[in-house]
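Remarks on the structure that follows.
Number of protein chains: 2
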Amino acid sequence: MTRQELIHQIKSKKSFLCVGLDSDITKIPKHLLEFEDPIFEFNKAIIDATKDVAVAYKPNLAFYESLGSEGLKSLEKTMEYIPSEIFTIADAKRGDIGNTSKLYARAFFDNMNFDSITVAPYMGHDSVAPFLEFDNKWVILLALTSNEGALDFQFLQLDVGKNKLHEKVLQKSQEWGTTENMMYVVGATRGESIGKVRKLIPEHFLLVPGVGSQGGSLEDVAKYGLNMDCGLLVNSSRGIIYASDGEDFADKAKESATELQKQMAHILSEANII
Amino acid sequence: MTRQELIHQIKSKKSFLCVGLDSDITKIPKHLLEFEDPIFEFNKAIIDATKDVAVAYKPNLAFYESLGSEGLKSLEKTMEYIPSEIFTIADAKRGDIGNTSKLYARAFFDNMNFDSITVAPYMGHDSVAPFLEFDNKWVILLALTSNEGALDFQFLQLDVGKNKLHEKVLQKSQEWGTTENMMYVVGATRGESIGKVRKLIPEHFLLVPGVGSQGGSLEDVAKYGLNMDCGLLVNSSRGIIYASDGEDFADKAKESATELQKQMAHILSEANII
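These protein sequence lines are chains A and B, in that order. The numbers in our numbering rise by one with no breaks, and the one at position 214 of the first sequence is 214. The numbers in our numbering rise by one with no breaks, and the one at position 262 of the second sequence is 262.
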């Protein structure tokens, strides 16, 4: 998907909502366990319920891999089911030596037709580059994550240029990709840091996890992170997909997603983006 | 597997060889493509040919994921086939927020019965900790990788304590695990750096990729990296598994692996470890 197509979708849906398909066999409604593929049934219902207000879906690979080859089959079926105009993110946090990253790129971009994949930066340029060789596919590089462990290394002060490590990751990686094929993960739990990140990369899209269950505020994210093209994909997983664990789970998911979308429409309108 | 069991195996086989099962459907001998599961047939033959001289097997997940759910099935079958006394490494380079890393841990440790998994450090403590909660299972943390991109971030000079980033990763992570459940990836392509790493972590095992195709020398690795318990697992992938692409591939793999094992036996003997 191109940047323009993504922006078009955001404007027409008045939403920058990404729904995290962190579909856990131990948490989905019990009545679905009767189906042959409960995870796929769950995803299908969540997608049907939210596709009018979501501009992106983000399955986290761990939830599927933890079910072995069967789980990967559920993911493959889910990917076929997601409408093609909606942006898809393989939240896989991969990154390996060049020829190995190339195989991951083929797995997620060619075989499963994801639009993007999250990539960890520690191994540097040649671990990221193979993902950037695909037309209209995106790397979403981890910069500032939403978890507590982010403080261990990402905020380390560097000797040269007085940057912190995550700022160096932002700067260095701009030599590798463009605003048309690279985004960054920047956690919602660090509002002010989003502002600093925005100064370093005014135009890039940011994928923002951590709103809702993890404590980040949508208002803060918008205040510090919005740019002229919106420039944000804000993810919510548990707050939407587990809004209810009863037979009404899809209706409740729709309510939660629509509630967020309304707040987003207001934010976009106030900022004269729509 | 415990540290003592691993050391026992090293001493009895006179080897610290890890065979990388980077089994690529485009590179395995053509006659295997007639089988229902060519990757598994290939792995089975490689394992039969090398199990007397290898102390560890390391499948890189990318090669299996690139074949979708079928590839994961080949991996599951391979894991069942590897003799239980041989150490197994899921070269997956995972790392995610805590509750997600826990799922990866279950996938690799519980479901597939790997002894260890490679983990990327960028997301810090809570992304690594869930892997350390399993008895007799190991985290192998990326410290210094063998690729060119290692220079982008891993060698960055920090402001405090005058460490480089990978040295900080080594130091900080020693608060998380012990010499009984944590190893480190340290690439063979950086001989002298292995020496510096060894000073920081004298007792930990190091997993050393990059010998052979990537240009690292076994002699240098041993010179800088050996400790009293050996403390090394040296990986070779392509040099062994693709030693021939004909019907004699298993025989040639055995020759290559045995050649390395002989050099290792000499090294271990010179160092009075055996």
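Every residue, glycine too, gets a C-beta built ideally from N, C-alpha and C. None of these values were measured; they are calculated from a predicted model.
What is the residue span of the alpha helix (DSSP H) that residue i lies within?
i	result
Tyr224/A	218-225
Arg238/A	238-241
Leu207/A	No alpha helix (DSSP H) contains Leu207/A, which is instead part of the beta strand (DSSP E) from 206-208.
Thr258/A	249-270
Gly191/B	191-200
Val128/B	125-128
Leu6/B	3-13
Thr50/B	38-50
Tell me the rounded alpha-carbon separation between residue i and residue j.
i	j	result
Asn272/A	Val211/A	23 Å
Val169/A	Asn235/B	29 Å
Ser173/B	Thr179/A	34 Å
Gln263/A	Gly124/B	33 Å
Glu247/B	Pro29/B	7 Å
Leu141/A	Leu268/B	42 Å
Lys162/A	Gln171/A	13 Å
Gly216/A	Asn43/B	47 Å
Asp307/B	Ile25/A	Shown here, chain B extends from 1 to 274; a query on residue 307/B therefore has no answer.
Glu133/B	Glu148/A	18 Å
Glu255/A	Asp48/A	13 Å
Trp176/B	Pro121/B	12 Å
Asp286/A	Ala265/A	An answer regarding residue 286/A cannot be provided, because it is not within the stretch 1 to 274 covered by chain A.
Arg3/A	Asp251/A	31 Å
Met79/B	Ile89/B	10 Å
Ile201/B	Gly195/B	10 Å
Ala105/B	Val119/A	19 Å
Glu219/B	Glu5/A	54 Å
Gln214/A	Thr189/A	7 Å
Leu32/B	Phe87/B	26 Å
Glu76/B	Lys27/B	20 Å
Ile117/A	Val185/B	24 Å
Asn181/A	Pro83/A	21 Å
Asn111/A	Met1/A	16 Å
Tyr242/B	Ala257/B	11 Å
Asp245/A	Phe249/B	53 Å
Asp22/B	Tyr81/A	32 Å
Leu156/A	Pro209/A	21 Å
Arg94/A	Glu167/A	20 Å
Ser13/B	Ala54/B	Correcting the residue identity first, residue 13/B is Lys in this sequence and not Ser. Each residue's Cα considered, the two are about 8 Å apart.
Pro130/A	Ile274/B	43 Å
At what residues does the beta strand (DSSP E) containing residue i begin and finish?
i	result
Ala143/A	138-144
Thr118/B	116-119
Leu17/B	17-20
Tyr184/B	182-186
State the beta-bridge partners of residue i as determined by DSSP.
i	result
Gln157/B	Lys164/B
Val211/A	Gly216/A
Tyr275/B	Nothing about residue 275/B can be reported from this structure: the residues present for chain B run from 1 to 274 only.
Val234/B	Leu17/B, Val208/B
So with CB distances below 7 Å, who are the chain C contacts of residue i?
i	result
Pro121/B	No chain C appears in the structure shown, which is made up of the protein chains A and B.
If you measure from the CB of residue i, is any heavy atom of the ligand GDP nearer than 7 Å?
i	result
Ser23/B	As far as ligands go, the structure on display features none, and thus does not contain the ligand GDP.
Of the residues that make up the segment 53-77 of chain A, which ones have a beta carbon closer than 7 Å to any beta carbon in chain B? Asn60, Ala62, Phe63, Glu65, Ser66, Gly68, Ser69, Leu72, Lys73, Glu76
Runs of 4 residues minimum, wholly inside the segment 59-107 of chain A: which ones carry the alpha helix (DSSP H) assignment? 61-65, 68-81, 98-105
Proximal residues, the segment 94-111 of chain B versus chain A, C-beta separation under 8 Å: Arg94, Gly95, Asp96, Ile97, Gly98, Thr100, Ser101, Leu103, Tyr104, Arg106, Ala107, Asn111
By the 8 Å beta-carbon criterion, what residues does the segment 135-151 of chain B contribute toward chain A? Leu142, Thr145, Ser146, Asn147, Glu148, Gly149, Ala150, Leu151
Mind listing which residues of the segment 164-186 of chain B have their C-beta closer than 8 Å to chain A's C-betas, in chain order? Leu165, Lys168, Val169, Lys172
Residues in the segment 254-272 of chain B with C-beta within 9 Å of chain A's C-beta atoms, listed in sequence order? none
Output needed in chain order: residues of the segment 4-16 of chain A with a Cβ under 9 Å from some Cβ in chain B. none
Interfacial residues, the segment 191-207 of chain A to chain B, with Cβ spacing under 8 Å: none
Mind checking the segment 210-232 of chain B against chain A and listing, in chain order, the residues whose C-beta falls within less than 7 Å of any C-beta there? none
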